[in-house]
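Some notes on the structure that comes next.
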């Protein structure tokens, strides 16, 4: 399988030159746009991988998957559904354009910034430091990697420049949807976005989602199938920003991208995959990453539709 | 299995009293809101069914599935993608609220009225009468039912009152997205919406989509797996109006609803299902129908996420 | 005064090269963009004029002033206010982007196409032919020119290509705001837009609005001061499309422009003015015309604010 | 004249029972909704007044008039126009609903919160404390009242609860439209909104705007006619929130309202007026205040259209 993965990377490598690395966070603008890696894990098989799959990058929006999961585990489906909606918004992930009417949960979802910021308040913990540590520990657990840490430079860079997220958080406050101090919540959110991972880490996390909360490598159950399906379904309809519909057509399985260049892909009951390629398309998705997943999906019949 | 289906219908019957039958088409307002039926087809097994599954109702938006398929078969993926987008719009199916900018394909998709009307122009045929007959014949073929006809009363009722669709069609014309006479296109569209079917017919069609264009009952291939996946993926992200995200969470497979009360459900590689219950929820989806599918999905593990 | 007018035209003539004549109506695309004229009428003084002030052009949106007036005269303020709003929409004159909610009068106003089309239904007359003749006759009366006629080529051109207006009219129908056959209403509207006038005609009409319904040239009263103020106030806030705020800052009196290149200007209790220059700015207002009015307003202290 | 004013107040007093005092700032919710006062100043005449015209209330949005004026005086028309637009937005004053596109000055204006907050940055001063003091001193000068101070309770109340304004300010920051610390700018803005005035103070300020920057009571010129017309024209098109069009129809002169219940009215070249009645209509304008001004405008022919 490593041969196939290497072949696909080579075939798609030219797409790395067509996208653009994220620049709105200055620290992200420094990465090498030529990086390209993939990692694939299937229960009962050797892991497969190729390219820069051990390169570390920040999770960025991929962490929304973890925030949603922990909010569900801590507060339950009803509270999550009461706070954020489930429909695609038809708008960019950081839009201010909500409605002529008062903002409600129905206008947002867990995969847009407003929704993920709101969900941080549903994670248990005395302080936002503690909430963040619980999120980091869950991520380490699912990734089977206790070494995961935060990229402090990216974190500080996001904190300094994250005024759009501040605007969104104050809007949530103004409409009574969140009640804690905005800077505390955002500090947790910015740290979460700055967790450093590799393709292996993300594929390992994806494997647990694929097996509906159960880890086939060690036989442990981390969360219920019901929550896993909730997250996977959310990824399928909204995980790839306003490119989610297109992704469903061309790739065809639940996935979540981040502007750091990573994509976590879940093939339910089958495998976890992750790709890394930091040059992004117009939606904010890894350009070469999407192409690699499309080629792989076609070759291995990974589409679920 | 018929016992299980009957049990689920009984458990969900009270929801028929909570929704409301569509009234914007006067002819639809006359149906009995208490009807409830289900039909399920799996390759190599006896069909299962319960309730009012042989009751006839008009396809309404369920026919968007067939329009998309025939447009893809006749004109190919590239032309379809050039005309209509793939993203959920975040808006009701008949919205006028497109954008501050010029209307483009990116603002619509095959499952909203604007998109389906536009796709009628990509169906082959000398006249719109011929285009419609080709659509009807394809529907008869997939449903394995040569008797399918149009409900002339509903058709005339839609034609008389369909001014929102006229507005959308003239908007498409104004932006150069369609070029044929609006009344001709709409006549084809209104007839298509008025095709009479039963749950059995829809389940039979769904079975072919589930088997990616191949009919396991007679061994015939009607269209390519690539087109089937295209349609199924579109149903999964946009098939249930602006309730598609919620439906993915609670039911979890591709489906298309119509304001006639029918829902066509596709369980890829496994089975075709259809339900009928004409009282609708606020999104325009069959209220009891969605509940029945949720219960069945949970019981038989039909979710694909 | 003719010397001053000539001087101002000469100073502003270069702006005629910066705008663009309307092209969405093919017939309008044929006019000479270099034309520039002005006509000014004050009670008890000789008329002043310069340039192409006797050139004939179609009223286009300037006729919205007359439609609003006649709807007010025929049906009264209450019925007009119940059908169309009074607020600027913040959007282009032919926008489809109304709201996430049902269309109501509050979303439109008499100076956008949707509002003017709706107001045609409040003009009295057995048929739309008769309504139009009453509108034409009122225009002739205020312009003191019985020769006014319709440009049949422009009328037919608008009728053939006016699909955006068809879309807007069907939308009004769909929301129950108008009830007559769309093509009849639009026929009246397109004819009204195609009435041929000169700067002298428009200045003469403006003079009557300036004197609040009374014609100082012949001592006749055509309508009440209350209706005149209603129209003038509407022009002041919405008369120049989504350039109305800017126009208030730089020119400072009620005015109505049309894509034919004419602008009718009302200086209350003082004078009527009209300019003609068919090259338009991005809002659809006569580019040189606005500049000429700004220079004249500054020179003669015509601003009312 | 005092008799007439008293009569009009009596006729309109019942409207005070129909509106609602602002509650989003807790401190404002405490005022007596039955208050009603008016003050009118004309050059060369005795002041006229009636009712609670010496009652003190906070300026709230009325201060936008002063912020715009001082920004114009300090930074000039070009810089003001480059930062904020001139068109009515068609939306409520505190909307987040800007556009699908990047926020630009064209989407806002000086009379909505976003615009007024942005304009605070164009007021000269080393610190925002100094900017505010210059604004307060200009207000004292035009009001001819050195005693004007801030209501510290209202100021603190706005600062504590002003999260919508924080959201708007961070949005402006995110789009590069303002560059200073958000809390500094908002502190200046909240203080400005909390300046305590009476009807006499506002009428005195309005008198100077009416005489285009010149104070007929003492013969001093405070600012140029060009700036006065700029402000007056802005009030005429956008001064009464999304009730500005309606106000132009029924009252007909430039005015600015605040949720404190005050309205400042400018009758160009003629007089300054102010009313106070804290119960508001759905747009946020003083309900009885608008009715009083409408009656007065009709009686004294104050409309400029």
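Protein chains in written order, with the numbering used here: chain G, 954 to 1258; chain C, 954 to 1258; chain F, 954 to 1258; chain L, 954 to 1258.
Here a beta-carbon is modelled for each residue, glycine too, at the ideal position from N, C-alpha and C.
If you're wondering where the values come from, they're calculated on a predicted model, not measured in any experiment.
Asked                                                                                                                                                                            : Found
Using a C-beta cutoff of 8 Å, does residue 1117 of chain C count as contacting chain F?                                                                                          : yes
When the Cα atoms are used, what is the spatial distance from residue 1115 of chain L to residue 1011 of chain L?                                                                : 16 Å
State the Cα-Cα distance for the pair residue 1260 of chain C and residue 1122 of chain C, rounded to the nearest angstrom.                                                      : In this structure chain C extends from 954 to 1258, so residue 1260 of chain C is not present and cannot be described.
Taking CB distances under 8 Å as the criterion, tell me whether residue 969 of chain L reaches chain F.                                                                          : no
Is the beta carbon of residue 970 of chain C closer than 8 Å to that of residue 976 of chain C?                                                                                  : no
Does the pairing of the segment 1073 to 1081 of chain C with the segment 1149 to 1162 of chain C give three or more beta-carbon distances under 8 Å?                             : no
Measure the beta-carbon distance from residue 1228 of chain L to residue 1245 of chain L and round it to whole angstroms, keeping in mind my assumption that it falls under 8 Å. : 5 Å
So what's residue 1143 of chain C in DSSP terms, helix, strand or just coil?                                                                                                     : helix
In the DSSP assignment, the beta strand (DSSP E) including residue 1107 of chain F goes from what residue to what residue?                                                       : Residue 1107 of chain F -> not in any beta strand (DSSP E); alpha helix (DSSP H) instead, spanning 1105 to 1114.
Since residue 1208 of chain G sits in a beta bridge, which residues does DSSP pair it with?                                                                                      : G:1218
Can you list the residues of chain C that residue 1190 of chain G reaches, using a CB-CB cut of under 8 Å?                                                                       : 1041, 1189, 1190, 1197, 1198 and 1201
Give the straight-line distance between the Cα atoms of residue 1145 of chain L and residue 1085 of chain L, rounded to the nearest whole angstrom.                              : 7 Å
Would you say residue 992 of chain L and residue 985 of chain L are within 8 Å of each other, going by their C-beta atoms?                                                       : no
State the Cα-Cα distance for the pair residue 1183 of chain C and residue 1030 of chain C, rounded to the nearest angstrom.                                                      : 9 Å
Give the straight-line distance between the Cα atoms of residue 1132 of chain L and residue 1093 of chain G, rounded to the nearest whole angstrom.                              : 39 Å
Is DSSP giving residue 1053 of chain C helix, strand or coil here?                                                                                                               : Caution is warranted here: a pLDDT of 49 is assigned to residue 1053 of chain C, below 50, making its placement in the model unreliable, and the coordinate value is therefore given only provisionally. Residue 1053 of chain C: coil per DSSP, three-state reduction.
From the DSSP output, read off the bridge partner residues of residue 991 of chain C.                                                                                            : C:1003 and C:1228
Using 8 Å as the limit for Cβ to Cβ distance, is residue 1186 of chain G near chain C?                                                                                           : yes
Just to confirm before moving on: does the CB-CB distance between residue 1288 of chain L and residue 994 of chain L stay below 8 Å?                                             : The requested residue 1288 of chain L is not part of the displayed model; chain L covers only 954 to 1258.
Using a C-beta cutoff of 8 Å, does residue 1127 of chain L count as contacting chain G?                                                                                          : yes
What does residue 1238 of chain G reach in chain C if we use C-beta pairs closer than 7 Å?                                                                                       : Under the 7 Å cutoff, chain C gives no residues; its nearest Cβ is about 13 Å from residue 1238 of chain G.
Which bits of chain G does residue 1123 of chain L rub up against, with CB to CB less than 8 Å?                                                                                  : 1116, 1117, 1119, 1120 and 1123
If you draw a straight line from the C-alpha of residue 1158 of chain C to the C-alpha of residue 1202 of chain L, how long is it?                                               : 60 Å
Chain F beta carbons: is any one of them nearer than 8 Å to that of residue 1020 of chain L?                                                                                     : no
Are there three or more Cβ pairs, one per stretch, closer than 8 Å when the segment 1031 to 1043 of chain F is compared with the segment 1060 to 1067 of chain F?                : yes
Please state if the CB of residue 956 of chain C and the CB of residue 1023 of chain C are separated by a distance shorter than 8 Å.                                             : no
By the 10 Å Cβ neighbour count, where 16 or more other Cβ atoms means buried, how is residue 998 of chain C classified, buried or exposed?                                       : exposed
For residue 1066 of chain F, is the classification buried or exposed, using 16 other Cβ atoms within 10 angstroms of its Cβ as the cut-off for buried?                           : buried
Could you spell out the range, first to last residue, of the alpha helix (DSSP H) harbouring residue 1034 of chain L?                                                            : 1016 to 1036
Where does residue 1011 of chain L fall in DSSP's three states?                                                                                                                  : strand
Name the chain G residues that come within less than 7 Å of residue 1002 of chain C, Cβ to Cβ?                                                                                   : Simply none; closest approach about 25 Å.
Is there a Cβ of chain L sitting closer than 8 Å to that of residue 1257 of chain F, yes or no?                                                                                  : yes
Under 7 Å Cβ to Cβ from residue 1068 of chain F, same chain only, skipping five residues before and after it: list those, please.                                                : 1037, 1061 and 1062
For residue 895 of chain C, which option in C:1120, C:1207 and C:1199 has the closest C-alpha, if you only look at C-alpha atoms?                                                : Residue 895 of chain C lies beyond the range of chain C shown here (954 to 1258); nothing can be said about it.
Mind pulling the chain F residues with CB within less than 8 Å of residue 1062 of chain L?                                                                                       : 1198
For residue 1209 of chain L, which residues of its own chain have a beta-carbon under 8 Å away from its beta-carbon, when the five flanking residues on both sides are left out? : 1014, 1015, 1017, 1018, 1064, 1188, 1192, 1193, 1216 and 1217
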